[in-house]
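Q: Take a look at the following structure, please.
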Amino acid sequence: MTPQANNKGAAPKSAASPENLLDVVLGLLDDAKAEDTVSIDIRGKSSLADNMIVTSGRSNRHVGAIADQLSRELREKGFGKPKIEGVPQCDWVLVDAGDVIVHIFRPEVREFYNIEKMWAANMPNDATH
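According to the numbering used here, the sequence shown is numbered sequentially starting from 1.
Encoded structure:
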């Protein structure tokens, strides 16, 4: 289920740990100037991943550039090639890196879908935003 399984074995298993992947993704999003980044721990809530990240780009072009940079640098760092959905429109791009799923939105689209609220609904009050 994880893209690491598709990796050509270039990285040692310790480099592809979920915690390291999360740190790498958050760092890459910061480097790409992603805005309003929120990390949500979804362990025990979903078998899809351990963490979900919701972030924004300023425009369709910025959303696409963030997704492209994230994909390219994850491959270069030995995490395999993530699956990407939504690139043609770049209103909402999903990057599935295995243990970390990243949703990159234009601000208006993010506000409309408000997926942070949906995933925070069953979380303790101090874990929201």
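All residues carry an ideal CB built from backbone N, CA and C; glycine is no exception. Owing to the predicted nature of the structure, the values given are computational and were not obtained by experimental measurement.
(1) Less than 7 Å between the C-beta atoms of W119 and I40, yes or no?
(2) Within its chain, find whatever has a CB closer than 8 Å to the CB of Q69; leave out the 5 residues flanking it on each side and keep chain order.
(3) Roughly how many angstroms separate the alpha carbons of P88 and R106, rounded to a whole number?
(4) Would you tell me roughly how many angstroms separate the C-alpha atoms of K81 and R75, rounded to the nearest one?
(5) To the nearest angstrom, how far is it from the Cα of H62 to the Cα of R72?
(6) Compute the Euclidean distance between the alpha carbons of V102 and V54, then round it to the nearest angstrom.
(7) Hey, S56 and E35: beta-carbon distance below 7 Å or not?
(8) Could you check if D99 is buried or exposed, using at least 16 other CB atoms within 10 Å of its CB as the buried criterion?
(9) Label N51 either buried or exposed according to how many other C-beta atoms from any shown protein chain fall within 10 Å of its C-beta, with 16 as the threshold for buried.
(10) Is the beta carbon of E116 less than 7 Å from the beta carbon of V38?
(11) What residue does the beta strand (DSSP E) around N51 start on, and which one ends it?
(12) Who does E76 pair with in a DSSP beta bridge?
A: Put simply:
(1) Yes. Within cutoff.
(2) In chain order, L28, D31 and A32 place their CB closer than 8 Å to the CB of Q69, counting only its own chain and leaving out the 5 sequence neighbours on each side.
(3) Here the C-alpha atom of P88 lies approximately 14 Å from the C-alpha atom of R106.
(4) Cα-Cα distance, rounded: 5 Å.
(5) Each residue's alpha carbon lies about 15 Å from the other.
(6) Approximately 6 Å, taken between the alpha carbons.
(7) Their beta carbons are under 7 Å apart, which means S56 touches E35 by this criterion.
(8) So D99 ends up on the buried side.
(9) Buried is the call here.
(10) Contact flag set, yes.
(11) Its beta strand (DSSP E) spans residues N51 to S56.
(12) Under the DSSP definition of a beta bridge, E76 lacks any partner.
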